[in-house]
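Protein chains in written order, with this note's numbering: chain L, 1 to 267; chain X, 1 to 280; chain S, 1 to 258. As structure tokens, the structure follows; a few thoughts come after it.
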Amino acid sequence: MTARSTDTNRSRNLALVVLGTLIVLATYLYLVITQPTELAQSSSAPAGLIAMAGYLIGAVMLAAGSIHRLSTTTIAMAPVAIALNIVVGQLVAVLGLPVYLDSIGTVLVSALAGPAAGVVTGILTNVIWGLTLNPVPLPFAVVQVVIGLMAGYAARLGVFRTVWLPPIAGAITGVVAAMISAPISAFIFGGATGGGTGVLVGMFQAMGQSLLASTTLQGLLSDPLDKLITFTVVYLVLTALPARFKQRFPFVREYQVFGTKVPTSKA
Amino acid sequence: MIVLREVSYTYPEAADPALHGIELNLQPGSITGVVGASGAGKTTLAKVIAGFLPRVDGGELTGTVCVAGRNLAELSLVEAVGQVGLVIQNPFNQISGAKYTVREEIAFGMENLGTPRAEMAARVKQVAALLRISDLLDRSPYALSGGQMQLVAIASMLVLRTPVLVMDEPTSQLDPFGTRLVFAVLDQLQQAGTTVVIFEHKLELLQAHADRLLVLAGHTIVADGSPTEVLADERVDGWAIGSTRYTRAARLARGRGLLPVHGALPVSFEQAAATFGGAR
Amino acid sequence: MSSTLYVERASPIHRLNPVTKLVALLCLLVVVFAIPQWWASLAVLLLVIVPAAISSGVAARLARSAGQLLLPILVVLVLVQGLTYPGGRTVLWQWGPLALTTEGLMFALTIGARLVCLVLASVLLVLTTHPGDLMSALTEQGMSPKFAYIISSTLQLIPSFQARATSILLAQQARGLTVPSNPLRRLGVLMPLLGPLVLGMFTDIEERSTAMEARGFGSTARRTTLVPVRDTRAQRVARWVIPVLALAAILVSLRWIG
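What follows is the structure in structure tokens.
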């Protein structure tokens with residue numbers, strides 16, 4: 001491959017990432033600002049379609065722009081991380097706990113291999129969930145993408161160098177995740193994504209909140225806690241992984257994700 | 001074919017080198033066996049020869065590794081793996097995990113390199129016949145026994161027809177029949193001009209099939225010569241590589257007074273025949 | 001051996017190229033989400049999904065899998081939106097802050113009908129499509145082979161992960177350790193047991209990626225496939241015709257509604 005075609009590929013990938021991010025943000029802002037509530041009477045573009053198409057196209061563009069940057073080690077790690085997301089997520093759901101814990105693998109990959117890796121792991125988690133057990137999480141793929149992206153940048157800023165920063169970064173990620181996922185819960189599922197969450201949405205609606213406000217409030221009750229736990233668990237897993245394994249990842253070396261315990265000599 | 005000059009390698013985050021002072025020159029079309037106690041640096045040497053260190057695992061490599069006259073450091077990883085095939089220790093990790101049949105699993109590498117379909121099909125058929133796994137081709141790679149999986153893992157590298165083949169304990173999961181089969185295949189490859197480096201601890205088979213035997217101890221090469229020569233070296237006990245069953249039998253016989261106390265112990269079948277024949 | 005819901009049959013739906021099925025699924029979803037009337041979803045259900053399900057030979061399986069997923073969602077939907085829909089005016093029955101309204105029930109019907117289409121159509125695709133074929137077909141259409149690798153590899157990893165987790169649990173029980181019934185405490189018991197398993201899987205990654213590189217995974221050559229994906233000229237045409245038909249259906253219905 002010539003240097004020139006690598007350059008065009010790189011600018012194409014960057015364009016995909018930028019455009020994908022813009023589409024996701026535009027979708028969210030459009031749905032929040034126009035607040036389409038009375039779906040059946042509305043003759044404007046339907047909110048469910050916009051939420052589904054905007055988020056899905058944005059997420060797919062982000063993933064397509066990210067995949068080419070991943071090393072073979074990252075590609076080999078993604079299946080383990082996704083299986084972890086799904087098996088733990090499923091286990092927690094069966095046990096009936098009030099959290100999801102379905103993004104431990106995504107955050108782990110982001111911390112070791114960066115935001116691009118987190119984006120790919122995130123979207124594929126929900127795609128594979130759709131292929132194996134249940135297509136319902138599929139419209140929420142963008143949320144996992146945002147979690148992967150934020151966890152990756154958090155790692156870059158050095159969040160995983162300390163014990164106390166991961167829970168804070170997790171809670172902030174949870175707030176963003178709640179906001180991004182609210183339009184999906186509202187306009188695609190009518191607030192009915194599960195028994196407990198459905199009751200909460202109904203409660204907020206009965207208190208006079210709009211549908212979107214109700215799903216946002218419901219998300220804010222569970223997502224920050226969920227991501228706080230997730231980031232903390234990831235921190236614990238990372239400390240248990242051998243240093244040699246972690247240092248394999250150029251992202252870890254470049255941004256000193258785990259600090260500088262051993263000064264690396266320049267060759 | 002493969003030339004290593006003053007090669008040392010240190011893993012990232014490690015204080016001491018995993019290999020140091022390695023000098024090696026391997027002739028094309030030869031079979032070289034490498035033995036050593038665990039932790040002596042066998043897997044590291046295998047990865048250095050195959051061009052994976054330091055570019056995949058990080059760490060620091062000094063000295064030069066040349067394959068077919070080209071410096072490995074100047075080749076891209078894809079060019080390097082086109083020259084040197086690597087069969088890793090654990091066959092479960094050697095298989096891609098992404099294919100639903102053994103047939104496709106064996107073709108995975110050729111698919112990546114863009115080999116035309118008809119050629120892929122022909123090569124899969126040929127290599128499956130060679131390793132006697134033709135009846136497994138339509139099975140799932142996950143439904144195989146350890147030994148079967150190891151043969152599939154070996155087939156998946158052989159099918160790429162690299163001029164050099166590095167094998168890290170390729171018979172660990174195999175029964176004696178499978179082990180002999182693999183060594184017979186190595187003899188065929190050698191006749192076709194392939195350079196083989198095999199990391200093994202089955203000394204009898206190395207003695208019978210390898211042209212040359214290297215001993216790794218303390219992260220460097222401590223002995224290098226024909227297998228018969230190396231196994232008869234007086235330092236052999238200090239290397240913790242064990243001994244052939246011929247040597248063990250002779251030692252036992254000597255302990256019971258069946259053989260004279262002085263003189264070298266046999267290391268090969270031929271020598272054992274001569275020793276025991278002489279004793280009778 | 002894979003963990004998808006795929007069921008092998010010799011039906012015309014199974015024989016379709018996976019990309020054709022995917023295009024049909026996406027168009028179908030756009031139609032039901034674009035037309036804000038519940039009868040649009042009903043029409044798609046009766047005219048497209050039901051006939052396809054019957055000819056696929058897996059209709060019973062589809063009804064069972066999709067029913068399990070849909071039933072809780074639909075019950076919650078009707079209760080929550082029927083009783084608390086913010087745009088509800090026509091009150092049918094009231095009890096405190098809860099008011100059963102016609103608007104709420106209509107909203108639940110619209111969303112519910114769409115979800116029925118969404119779940120049935122996507123489960124049908126999964127039931128009738130071998131995951132390996134789906135990945136090969138998408139790679140032929142230009143999807144990065146890295147995506148195909150991750151998806152296929154995960155699908156095969158999940159069952160072995162679950163099997164290993166189960167065997168650890170059984171081993172613990174055999175050693176006389178009981179699994180507590182309290183879910184939080186059960187999680188507390190499970191996590192330390194699963195830890196070594198997960199760490200083992202992560203350290204395997206080193207070898208796995210070495211082996212993948214040794215087999216040219218990093219190559220930028222145009223990938224080839226050993227097994228060709230079934231495709232026909234008619235399907236290549238259909239993949240363009242279906243989106244056009246979907247668009248026409250949306251335009252006509254929106255025009256007609258006014």
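Every residue, glycine too, gets a C-beta built ideally from N, C-alpha and C. All figures in this text were calculated on a predicted structure; none of them were measured in a lab.
Cβ closer than 7 Å: which chain X residues qualify as neighbours of S/TYR149? Near S/TYR149 (Cβ distances below 7 Å), the residues of chain X are ALA98.
Please work out which residues of its chain come closer than 7 Å, Cβ to Cβ, to X/PHE183, disregarding the five sequence neighbours upstream and downstream, and give them in chain order. Closer than 7 Å at the Cβ level, and outside the excluded window around X/PHE183, lie LEU205 and HIS209.
Helix or strand or just coil, what does DSSP make of S/TRP38? Judged by DSSP in its simplified three-state form, S/TRP38 adopts helix.
Minimum Cβ-Cβ distance from S/LEU138 to chain X less than 8 Å: Taking CB atoms only, S/LEU138 has no neighbour in chain X less than 8 Å away.
Taking L/GLY191 as part of the alpha helix (DSSP H), name the residues at either end of that continuous run. Per DSSP, L/GLY191 belongs to no alpha helix (DSSP H) and is neither H nor E.
Residues bridged to S/TRP95 [DSSP beta-bridge criterion]: In the DSSP output, where bridge partners are listed per residue, S/TRP95 has S/LEU98.
Give, in chain order, every unbroken run of the alpha helix (DSSP H) that is at least 4 residues long and sits entirely within the segment 192 to 216 of chain L. 195 to 206, all fully within the segment 192 to 216 of chain L.
Classify L/ILE23 as helix, strand or coil using the three-state DSSP reduction. Reduced to three states, the DSSP call for L/ILE23 is helix.
Determine the direct distance from the alpha carbon of X/GLY97 to that of S/SER136, and round the result to whole angstroms. Those two C-alpha atoms are separated by around 15 Å.
Taking all protein chains shown into account, do 16 or more other C-beta atoms lie within 10 angstroms of the C-beta of S/GLY120, making it buried, or fewer, making it exposed? Just to set this straight, residue 120 of chain S is Leu in the shown sequence, not Gly. Its Cβ being crowded by 16 or more others within 10 Å, S/LEU120 is buried.
For X/TYR11, go through chain L and note every residue whose CB falls closer than 9 Å to its CB, in chain order. For X/TYR11, the neighbours in chain L by C-beta distance under 9 Å run, in chain order, ARG244 and GLN247.
Which chain L residues are close to S/LYS21, counting only those with a beta carbon under 9 Å from its beta carbon? Chain L residues near S/LYS21: none, gap ~13 Å exceeds 9 Å.
Residues that S/GLU8 contacts on chain L, provided the C-beta gap is smaller than 7 Å: Listed along chain L, no residue sits closer than 7 Å to S/GLU8 by beta-carbon distance, the nearest being about 16 Å off.
Exposed or buried, which one is L/THR162 when buried takes at least 16 other CB atoms within 10 Å? Under a 10 Å Cβ-count criterion, L/THR162 is classified as exposed, with fewer than 16 other Cβ atoms of the shown protein chains found around its own Cβ.
Which whole-angstrom value describes the C-beta separation of L/VAL109 and L/GLY65, a residue pair presumed to lie in contact below a C-beta threshold of 8 Å? Taking C-beta atoms under 8 Å as the contact rule, L/VAL109 and L/GLY65 fail to qualify, at a distance of about 17 Å.
Straight-line Cα distance separating L/LEU241 from L/GLN41: Low local confidence applies: a pLDDT of 48 at L/GLN41 is under 50, so the model's placement there is unreliable, and no value is given.
Identify which residue in L/PHE160, L/GLY158, L/VAL146 and L/LEU25 has its Cα closest to the Cα of L/ALA177. For L/ALA177, the closest of L/PHE160, L/GLY158, L/VAL146 and L/LEU25 by C-alpha to C-alpha distance is L/VAL146.
What does S/PRO131 reach in chain L if we use C-beta pairs closer than 7 Å? Ordered by position in chain L, the residues that pass the 7 Å Cβ test against S/PRO131 are LEU131.
DSSP puts X/ASN71 in a beta bridge; with which residues? Per DSSP, X/CYS66.
Evaluate contact between the segment 145 to 159 of chain X and the segment 169 to 181 of chain X, counting only Cβ atoms and requiring at least three cross-stretch pairs below 8 Å. Yes, since at least three Cβ pairs between the segment 145 to 159 of chain X and the segment 169 to 181 of chain X fall closer than 8 Å, the two stretches touch.
Among residues of its own chain, excluding the 5 on either side of L/VAL127, which ones have a beta-carbon nearer than 8 Å to its beta-carbon? Contacts found: LEU138 and ALA141.
Taking a cut of 8 Å between CB atoms, which residues from the segment 31 to 60 of chain X lie near chain S? Answer set for the segment 31 to 60 of chain X: LYS47, ALA50, PHE52, VAL56 and ASP57.
Taking the alpha carbon of S/ARG128 as the point to measure from, which residue in S/ARG61, S/LEU70 and S/GLY88 has its own alpha carbon closest? Note on residue identity: the sequence assigns Thr, not Arg, to residue 128 of chain S. Closest option to S/THR128, judged by alpha-carbon separation, among S/ARG61, S/LEU70 and S/GLY88: S/ARG61.
Of all the options S/ARG175, S/ARG15, S/LYS146 and S/VAL198, which has the alpha carbon lying nearest to the alpha carbon of S/ARG164? Selected option, being the one with the closest Cα: S/VAL198.
Run through DSSP, which three-state label would L/PHE245 get? When secondary structure is reduced to three states using DSSP, L/PHE245 falls in the helix class.
Neighbourhood of X/THR43 by C-beta distance below 7 Å, restricted to the same chain and skipping five residues each side: Around X/THR43, the same chain offers GLN89 and ASP168 as residues with beta carbons nearer than 7 Å, after the five sequence neighbours per side are excluded.
Given this structure, state the Cα-to-Cα distance separating X/ASN25 from X/SER226, to the nearest angstrom. Answer to the nearest angstrom: the Cα atoms are 14 Å apart.
Interface residues of the segment 163 to 196 of chain L facing chain S [CB-CB below 8 Å]: Result list: ILE188, PHE189, GLY190, GLY191, ALA192, THR193, GLY194 and GLY195.
Closest Cα partner of X/VAL78 within the set X/ILE95, X/GLU60 and X/GLY51: Ranking X/ILE95, X/GLU60 and X/GLY51 by Cα distance to X/VAL78 puts X/GLY51 first.
As a quick exercise: from L/PRO46, L/VAL32, L/THR27 and L/LEU84, pick the residue whose alpha carbon is nearest that of S/LEU157. Nearest option by C-alpha distance: L/LEU84.
Would S/ASN17 be called buried (16 or more neighbouring beta carbons within 10 Å of its own) or exposed? Buried is the label assigned to S/ASN17, since at least 16 other Cβ atoms lie within 10 Å of its Cβ.
I need the boundaries of the alpha helix (DSSP H) containing X/ILE290, first residue and last residue. Examination of residue 290 of chain X is not possible in this model, given that chain X is present from 1 through 280 alone.
Boundaries of the beta strand (DSSP E) in which X/TYR283 is found, first to last residue: Here chain X covers residues 1 to 280 and nothing more, so residue 283 of chain X does not appear.
Quick check on X/GLN173 - is its C-beta less than 8 Å from some C-beta in chain C? Judged by its chain identifiers, the structure shown contains no chain C, and its protein chains are L, X and S.
Check the C-beta distance from L/LEU212 over to L/PRO183 and give it rounded, since I have them as a contact under 8 Å. The C-beta distance from L/LEU212 to L/PRO183 rounds to 6 Å, short enough to fall under 8 Å.
Determine, using beta carbons only, whether S/GLY142 comes closer than 8 Å to chain X. Chain X contact via Cβ: absent.
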